[in-house]
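Novice: Chains as they are written, first to last, in our numbering: chain S, -17 to 249; chain H, 224 to 543.
Positions of the beta carbon are idealized from the N, C-alpha and C atoms, including for glycine.
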Amino acid sequence: MSATAEWVEDVSVLTRRNLVHVRREPMQLSDATIQPVLFTLLFVYVFGGAMVLPGGGSYKAFAIGGLVVMNLTTSSVGTAVGLTTDLHTGIIARFRTLPMQRSAILVGRTFSDMLSSILCGTIVVLTGLMIGWRPGNGLLGVVAGLAVAVLFAYAMSWANACVGLGMNDPEAAQGIGFIVIFPLAFISTCFVPSQTMPGWMQPIAEWNPVSSVAAACRELFGNPNPASLSHSFPAQHPLFMSLAWTAVICAVCVPLAGHLFTKRTLD
Amino acid sequence: MIEATGLQKRYGDQVAVASVDLEVPAGSVLGVLGPNGAGKSTTVRILTTMTLPDAGRASVGGLDVVTQAADVRRIIGVTGQDASLDEQLTGTQNLMMVGQLSRMTKRDAQARTVELLEQFELTFAAERMVKTYSGGMRRRLDLAASLIARPPVLFLDEPTTGLDPTSRLGVWDVIRTLVGDGTTVMLTTQYLDEADALADRISVIDHGTVIADGTSEDLKARVGGEQLEVRLVRPHPDAVRALGPLVSGPVHVADGGRLLTAPVTIRPGLATAFIRALDDAGVEVDDFQIHHPSLDDVFFTLTGHGAEAPVTADAELVEV
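(1) Let's test the definition: count the other Cβ atoms within 10 Å of the Cβ of residue -8 (chain S) and tell me whether it reaches 16, buried, or not, exposed.
(2) If you draw a straight line from the C-alpha of residue 233 (chain H) to the C-alpha of residue 287 (chain H), how long is it?
(3) Of all the residues that make up the segment 269 to 292 of chain H, which are near chain S by a beta-carbon distance shorter than 9 Å?
(4) Excluding the 5 residues flanking residue 239 (chain S) on each side, which residues of the same chain have their C-beta closer than 7 Å to its C-beta?
(5) Can you find at least 3 beta carbon pairs, one from the segment 263 to 270 of chain H and one from the segment 279 to 297 of chain H, that sit closer than 8 Å?
(6) Here's the rule: buried if 16 or more other CB atoms are within 10 angstroms of the residue's CB, otherwise exposed. What is residue 41 (chain S)?
(7) When the Cα atoms are used, what is the spatial distance from residue 226 (chain S) to residue 0 (chain S)?
(8) Kindly indicate the opening and closing residues of the alpha helix (DSSP H) around residue 400 (chain H).
(9) Going by DSSP in three states, residue 451 (chain H) sits in which element: helix, strand or coil?
(10) Leaving out five residues on either side along the sequence, give the residues of the same chain with a beta carbon under 7 Å from the beta carbon of residue 349 (chain H).
(11) Specify the secondary structure class of residue 410 (chain H) as computed by DSSP and reduced to three states.
(12) Is the Cβ of residue 380 (chain H) closer than 8 Å to any Cβ of chain S?
(13) Which value, in whole angstroms, describes the spacing of the CA atoms of residue 194 (chain S) and residue 67 (chain S)?
(14) What number of angstroms, rounded off, separates the C-alpha of residue 229 (chain H) from the C-alpha of residue 242 (chain H)?
(15) Could you confirm whether any beta carbon from chain S is found closer than 8 Å to the beta carbon of residue 231 (chain H)?
(16) With a CB to CB cut of under 6 Å and the five nearest residues on each side skipped, what residues in its chain are close to residue 509 (chain H)?
(17) Can you tell me where the alpha helix (DSSP H) holding residue 234 (chain H) begins and where it ends?
(18) Go through the segment 106 to 185 of chain S residue by residue and report every complete run of the alpha helix (DSSP H) that reaches 4 residues or more, in order.
(19) Residue 324 (chain H) CB to nearest chain S CB: under 8 Å?
(20) Which ranges does the beta strand (DSSP E) cover as unbroken runs of at least 3 residues, wholly within the segment 284 to 359 of chain H, from first to last along the chain?
(21) Around the Cβ of residue 406 (chain H), are there at least 16 other Cβ atoms within 10 angstroms (buried) or fewer (exposed)?
(22) Work out the CA separation of residue 344 (chain H) and residue 373 (chain H) for me, nearest whole Å.
(23) According to DSSP, residue 432 (chain H) sits in a beta bridge with which residue or residues?
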């Protein structure tokens, strides 16, 4: 068997293993199943009424794109938790004595997390549809928007893999993961347009990768995107910025995670 | 099959392995004996490519553990101190996963999984999650996992630590069977009887250094031969004289004249001769034994402390 074929097999064995975990303890997946429903209902019904969008449009139509991105971003912390748990239980020690491709350990982890983020994104969209959200660009637009968001979440999984590899226990990984993720998700245009923020915060929110992905989703879905009223570069080119951020995060975090993994597991 | 020269490994200020030389010929069992923190596990971790040595060289099956690590992993099976299993998978799923990651085809892995579960008496729990397993069951499954690809070289790091006596004997049987099939085994243990029972040769390791090696008999020879131990009902003036012609050294008297010990050279009828001599002299005997030196005695002679004596907390931390 060629090295590539071996690698593909290892990744698929490990991905399946992670999915068995989910089947055993479905609550492990609550951040991809229950949380998106809750957040969607909360934001649309609790905040929605108080929100007036620059350029018009309903908050519901505006919010779904942001909620997709916010839920996917926060659920990427699962990668850190899953990886730390595996390091903690010693199963990775076993893997390291096997003639498998070691990179498959990280790729299998992020890959199964990507499957759960596809589930998570789909649930936000379905919840939206049930409460009356309507995408202007049809099914294709929804799929394109979800694809951009899922790719970004995949990059964030690698960032979280780096966090997980630096931590000793799963609780710490979860704590640190959220400390990084929360400001990222909230100082963004996920829930409110940047125009309502203090002046000094606006550029931060506009250059935040999460805002670009949220804006790209809104445009691809065919929903109101007040960010387009701003003249900043990221606000004007959300799709380009989303893909660029995704590429940059991967370019930094994939090799970094590989390095941290080797360092962590060779001692 | 396994060779190591001058292995060294330190973690920060702590020297885990100071200088280890080992040689395990194909098809034999080497027992690495030493207390907690002696450097046994670190040595195993180096030999199984899990950690890099700071100095020295080691090879398994002629393959260098540093430069040919990936090839070494194709011929070794490893069972660590802590069962490295997936708690949330069943016994079958664990073995299948390890089998497939060991480059077996699905069909081979399946057949082997059934066979191993049977051999390790785990068939009844095959479809149960490992987190419901007892300590002994986990250890057996862990051992099964390390055997799935039929590795010619097996490393067992304290395979019976924490097991109940029955499970322990079960693991011994498995190891004996494997050796009978030609597997080369390196086994670490802090149990002297375990090394005695399983190993062809024993390396005694302390503070990261091999301080003695040889067969169990070689090592015992170092502490001298058998000892006679006689406990009298009451002290008797003729007891020492009665023993004199039969022992091979001075008779030592203790416990107010009730306990007599002396080195002896085993020969047929020796015990009968002792009893007769004592009886003829009118000495009444409570207890009588010829004490064979154990590896415990060996360890004490070599290191000045017992094999299971507690060591410093620092040294214990080093044992990973």
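Specialist: Based on what the coordinates show:
(1) buried
(2) 20 Å
(3) 271, 272, 273, 274 and 275
(4) 88, 140, 143, 144 and 147
(5) yes
(6) So residue 41 (chain S) counts as buried.
(7) 29 Å
(8) Element bounds for residue 400 (chain H): 388 to 403.
(9) strand
(10) 313, 314, 315 and 340
(11) Residue state, collapsed to three classes: strand.
(12) No - not a single Cβ of chain S is within 8 Å of the one on residue 380 (chain H).
(13) 32 Å
(14) 5 Å
(15) no
(16) 454 and 456
(17) No alpha helix (DSSP H) holds residue 234 (chain H); the beta strand (DSSP E) holding it covers 225 to 234.
(18) Complete alpha helix (DSSP H) runs here, min 4: 120 to 148 and 152 to 168.
(19) Chain S contact via Cβ: present.
(20) 299 to 302
(21) buried
(22) It is roughly 18 Å from the alpha-carbon of residue 373 (chain H) to the alpha-carbon of residue 344 (chain H).
(23) H:242 and H:429
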